[in-house]
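Numbering (the numbering used here), first residue to last: 35 to 115.
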């Protein structure tokens, strides 16, 4: 175990140990990715999976009418029901 600030981290924690993007920075990176992918492969289908739940619906709403994509966390569960 290691202590980092107020958190105790298990020695097996392999997660990225740096600030995660959020807000406008996060959206800008995803926008850049989507633009690059659809420029290079215009007929591709992008699958979003295991995004933070606070982003799942926002990203789906942002891109679903402009790009061929789906969010596995949101849409597959709906289809199973």
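From the three backbone atoms N, C-alpha and C, an ideal C-beta is built for every residue, glycine too.
Query                                                                                                                                          : Result
Name the DSSP bridge partner or partners of residue 103?                                                                                       : 80
Starting from residue 93, follow the alpha helix (DSSP H) in both directions and report where the run begins and ends.                         : 87 to 97
Whose C-beta lies closer than 6 Å to the C-beta of residue 64 among residues of the same chain, with five residues either side of it excluded? : none
With DSSP collapsed to three states, give me the class of residue 54.                                                                          : coil
Taking only three categories from DSSP, how would you classify residue 40?                                                                     : coil
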